[in-house]
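*Asks:* Protein chains in written order, with the numbering used here: chain B, -5 to 449; chain W, -5 to 449. Glycine included, C-beta positions come from ideal geometry on N, C-alpha and C. Here the structure is a predicted model, which is why all the values come from computation and not from measurement. I'd like to ask you about the structure that follows.
Protein chains: 2
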Amino acid sequence: MSRLYWCEQAWLGGARVNSGVVLEVNGDRIRALTSGVLSPPAGSLRLSGLTIPALANAHSHAFHRALRGRTHNATGTFWTWRDLMYRTATSLDPDNYYRLARATFAEMALAGIGVVGEFHYLHHQPCGRPYANANEMGSAVVAAAQDAGIRLTLLDTVYLHGGIDPQTTDGYLPLGPEQVRFSDGDVGCWAGRVDELLAAVSSPTVRVGAAVHSVRAVDPTSIEAAAAWTRHHDAPLHVHASEQPAENQQCIALHGASPVEVILEAAGTGENVTLVHATHASDHDVALLAEAGAGCCLCPTTERDLADGVGPAETLANAGVGLCVGSDSHAVVDILEEARAVELDQRTSTLKRGVFDVVSLATMATSGGYRALGWEDGGTLAPGSLADFATVSLDSVRLAGTDAKNVLASVIYAATSADVTHLVVAGRPVVVDRTHTSVDVEAELSAAVSEVTAS
Amino acid sequence: MSRLYWCEQAWLGGARVNSGVVLEVNGDRIRALTSGVLSPPAGSLRLSGLTIPALANAHSHAFHRALRGRTHNATGTFWTWRDLMYRTATSLDPDNYYRLARATFAEMALAGIGVVGEFHYLHHQPCGRPYANANEMGSAVVAAAQDAGIRLTLLDTVYLHGGIDPQTTDGYLPLGPEQVRFSDGDVGCWAGRVDELLAAVSSPTVRVGAAVHSVRAVDPTSIEAAAAWTRHHDAPLHVHASEQPAENQQCIALHGASPVEVILEAAGTGENVTLVHATHASDHDVALLAEAGAGCCLCPTTERDLADGVGPAETLANAGVGLCVGSDSHAVVDILEEARAVELDQRTSTLKRGVFDVVSLATMATSGGYRALGWEDGGTLAPGSLADFATVSLDSVRLAGTDAKNVLASVIYAATSADVTHLVVAGRPVVVDRTHTSVDVEAELSAAVSEVTAS
């Protein structure tokens, strides 16, 4: 059975926005698309404002949502922030993790996000022992995304070491007490567990991919094994890289090579690889990324919040590296804000405007992220594409005065997640008139956050 | 007659937030304040969420609101953006300027802004000839703020030259065709006109102050005269300074001194002086500012948008320079966003967190701005203060999970103008339950922007 949506305006890719676009949705796909239809056909749902492909949140740590507003009491660095973050990680169990992730993913739905890449390393009990079902935490994430109505790529993460220390025998620190729950012991055990998860997941809106936490937490041999696993399963591989200068220094001290060099050398081919951050990547690193065909996920609101710095977005784009964005620590859940922040932070660092045009930013926020998460058919409005789309109202004070010529620019530069009115994922309406169809998001967020932060 | 407001929570300055605060308002002042009142007294208006002093927007060009979303089609710099801005300036007359400013100020009211500093240089007809009433444009701004319900400091601006050119006889370019309407010919005529405006303005919510556009547009002798006018009238003096590297270079080429040096040398004492931007101020400039007792207004969302760069906010604060913020070009009207952007942009440039604590950011956004605009009694919740306050809801997904210990940090770092529910200015409710009491803001913005951008 088909369902019709009439979009007052829709962005179909490229610089133009079309008026009166009818999307015919069949199952989880867009079957047909017609422009220039002046009024809503009978039986169609009217989408006022600008309809765009659903936004893609390519890098998420769902549990960080509990930290929002709670890390600004003192001075510090990324590393002191990490101590706070670890404290929250320790308080999680499969039940409260499910509730927190479900509420967080539902907040993403309200923000027009159709797919999330969850960089998941909270695998085991706080003491490090596996749960009875070794994938109980991952299954909680899967259930959370399904119940929140959004598409998920679970990036199941290899995490083996407590950091780099060239003075030790193997070059790594042992896991700290808060880190033991992240580790499977070795990459073989990690792969065995993820194979079980893969076998258990059958939803058409869930993919299982892999992540390597970072060169701090995973040695090159294990990176190589994880990469082989992803090639075997045709799955995406995401890796934190060069978020902090200290990571670069430690990596060079141990390996005589930068994090990007170590990762790409170990991973072999790079077409399924997305490096997250690359804030302190060198020009040589960028050239290697481009040569490998790897992509890069920028998380500018987090990179601001954690004092990471501003990454080489212009250099990456000029080299042809595919870009996407993520809300990462969820200090903010607003992919429009991430997209404009990529450009705005380039403006403050290069003193030029228009480093990225609006279409490039909109592409990062949509198809760029879908592709990085292994959903090649998503993030575009076209016949055959996944039926994932979001509508942004043009009626608020933020967008008032927008005209047809600048509607996409206005949405990218002036809209916020508060302006998203509708979200359809896999053909199913998830947000209608700013309301989630199945989750009381504010109430569930309040309860879930309180539960894990009470002390 | 008194009116009572019961605030579920209120920020009274300092790190603490109080619960159950009753504000007794008499006329335009807070008469009394009581904390710990568990439920709303009879006859009081209940303010759920966090009530803070009204936000201060210390730097505004109201007509730039028409440019929102319209300047991102091409690459460029501050200077190519300025060409677009001048085109809009040319389309304004007292009637459409009134409507645009009124709608823009009403958008500010919805964002919890109780006072605006309008840096006003659109004085005359496009050909440069004065209107029949030489203050017709300024009067339009005054009427717009009064009708929008917010407090105004009209910073009537001296603008005499078209830019610096050391090759010319006097060192300056003649005014360009779009600039002639900004100029009164000389600073004496400017002062005469502003004296008339001052005599004509009698509202207790309007102050007239002065601005010097910049060292590009005003010579030191005229700066000196404008500064003398402000001392005579006990009025604030605002000046754009060091927004762009080219301005510094030109100023040094002509005067052998930086913009800050030229301005402070000409202005004499600096206690009533606020420099706007100071993005490319040197350490020596900062020391001079501190010595003079001058303040600085940062406009980070505009400084991002116009590719100005990131200013030395930490150095300014460490030197003891008083800071405030402004939305300037109104790419965004959100003073909470400006405040957090001050800190976040320091984080990306210094790689440290907590350069500013939350109270410092909240102070910039409130009393810092009130003071810079000549309202010493505003921007605080205390007996005797101006009865200007705003309430931020804690109920949205953005703030869900906030607890009593981190409410101020959550509001500064996670709330947006969409979360402001109430605004009281001079004891009068201007925004109630997210609705402006007298302006249909979205409709008026749409109409006013369309009117001046149609071509």
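Mind checking which residues open and close the alpha helix (DSSP H) that includes W:PRO198?
*Replies:* No residue range can be given for W:PRO198, since it is assigned to no alpha helix (DSSP H) and is classified by DSSP as neither H nor E.
*Asks:* Report the neighbours of W:GLU101 on chain B: residues whose CB is nearer than 7 Å to its CB, in chain order.
*Replies:* VAL391
*Asks:* Distance check for B:VAL425 and B:THR431, CA to CA, integer angstroms please.
*Replies:* Whole-angstrom Cα-Cα distance: 6 Å.
*Asks:* What in chain W is Cβ-close to B:LEU75, meaning under 8 Å?
*Replies:* Per the sequence shown, residue 75 of chain B should be read as Trp rather than Leu. Neighbours of B:TRP75 on chain W, chain order: ARG347.
*Asks:* Quick one: any contact between the region 87 to 107 of chain B and the region 367 to 376 of chain W, if contact means 3 or more CB pairs under 8 Å?
*Replies:* no
*Asks:* Given W:ARG40, which residues of its chain have a CB within under 7 Å of its CB, disregarding the five upstream and five downstream residues?
*Replies:* Short of 7 Å from the beta carbon of W:ARG40, and not among the five residues preceding or following it, lie these beta carbons of its own chain, in chain order: TRP0 and PRO34.
*Asks:* What residues of chain B sit near W:ASP339, judged by a beta carbon separation below 9 Å?
*Replies:* ARG298, ASP339 and THR342
*Asks:* Using the beta-carbon of each residue, which ones in chain B are nearer than 7 Å to W:ASN400?
*Replies:* GLY63 and ARG64
*Asks:* Taking the alpha-carbon positions, what's the W:THR151 to B:MET358 distance?
*Replies:* It is roughly 42 Å from the alpha-carbon of W:THR151 to the alpha-carbon of B:MET358.
*Asks:* If we count the other Cβ atoms within 10 Å of its Cβ and call it buried at 16 or more, is W:TRP73 buried or exposed?
*Replies:* exposed
*Asks:* Which of the three DSSP states, helix, strand or coil, is assigned to B:ASN127?
*Replies:* Coil, per DSSP.
*Asks:* Could you check whether W:GLY363 and W:ALA139 sit closer than 8 Å to each other, using their CB atoms as the reference points?
*Replies:* no
*Asks:* Taking the alpha-carbon of W:ALA52 as reference, which of W:ILE329, W:THR84 and W:ALA60 has the nearest alpha-carbon?
*Replies:* W:ILE329
*Asks:* Should B:PRO253 go down as buried or exposed, given a rule of 16 or more other Cβ atoms within 10 Å for buried?
*Replies:* Buried is the label assigned to B:PRO253, since at least 16 other Cβ atoms lie within 10 Å of its Cβ.
*Asks:* Going by the CB atoms, is the gap between B:GLY43 and B:LEU(-2) shorter than 8 Å?
*Replies:* no
*Asks:* Is DSSP giving W:HIS58 helix, strand or coil here?
*Replies:* helix
*Asks:* Within 10 angstroms of its Cβ, does W:HIS274 collect 16 or more other Cβ (buried), or is it exposed?
*Replies:* buried
*Asks:* Using a beta-carbon distance cut-off of less than 7 Å, what residues from the region 143 to 160 of chain B approach chain W?
*Replies:* none
*Asks:* Select from W:ALA288, W:GLU445 and W:VAL326 the residue whose C-alpha is nearest the C-alpha of B:SER390.
*Replies:* W:VAL326
*Asks:* For chain W, find out if any of its Cβ atoms is closer than 8 Å to the Cβ of B:GLY30; answer yes or no.
*Replies:* no
*Asks:* Does W:CYS121 pass the burial test, meaning 16 or more other C-beta atoms within 10 Å, or should it be called exposed?
*Replies:* Per the 10 Å Cβ criterion, exposed.
*Asks:* The beta strand (DSSP E) spanning W:TRP5 covers which residue range?
*Replies:* -4 to 5
*Asks:* With a threshold of 16 other CB atoms inside 10 Å of the CB of B:GLN161, please say whether the residue is buried or exposed.
*Replies:* exposed
*Asks:* Just the chain W side, please: which residues come within less than 7 Å of B:VAL174 by C-beta, in chain order?
*Replies:* Within 7 Å Cβ-Cβ: nothing; B:VAL174 doesn't reach chain W, min ~27 Å.
*Asks:* Pull up the distance between the alpha-carbon of W:GLY157 and that of W:HIS249, whole angstroms please.
*Replies:* 13 Å
*Asks:* Do B:ALA286 and B:THR263 come within 8 Å of each other at the CB atom, strictly closer than that value?
*Replies:* yes
*Asks:* What alpha helix (DSSP H) runs, 4 residues minimum, are completely inside the region 179 to 252 of chain B?
*Replies:* 181 to 194, 214 to 227 and 239 to 249
*Asks:* In chain order, what residues of the same chain lie with their CB nearer than 7 Å to the CB of W:ALA221, ignoring the 5 residues before and after it?
*Replies:* LEU231, ALA260, ALA261 and GLY262
*Asks:* What does B:TYR407 reach in chain W if we use C-beta pairs closer than 7 Å?
*Replies:* GLY63, HIS66 and ALA325
*Asks:* Determine the direct distance from the alpha carbon of W:GLU308 to that of W:LEU338, and round the result to whole angstroms.
*Replies:* 11 Å
*Asks:* Roughly how many angstroms separate the alpha carbons of W:TRP75 and B:ARG347, rounded to a whole number?
*Replies:* Those two C-alpha atoms are separated by around 9 Å.
*Asks:* Could you tell me whether the region 18 to 29 of chain W touches the region 393 to 400 of chain W, where touching means 3 or more Cβ pairs closer than 8 Å?
*Replies:* no
*Asks:* So what does DSSP say about B:LEU104, is it helix, strand or coil?
*Replies:* helix
*Asks:* For chain W, is any of its Cβ atoms less than 8 Å away from the one on B:VAL352?
*Replies:* Closer than 8 Å to some Cβ of chain W, the Cβ of B:VAL352 qualifies, so yes.
*Asks:* Taking 7 Å as the limit between beta carbons, can you name the residues of its chain near W:HIS207, skipping five residues before and five after?
*Replies:* For W:HIS207, where only same-chain residues beyond five positions count, the Cβ hits under 7 Å are TYR115, THR151, VAL152, TYR153 and HIS234.
*Asks:* Which class does W:ARG392 belong to by DSSP, given the choice of helix, strand or coil?
*Replies:* If DSSP states are grouped into helix, strand and coil, W:ARG392 belongs with coil.
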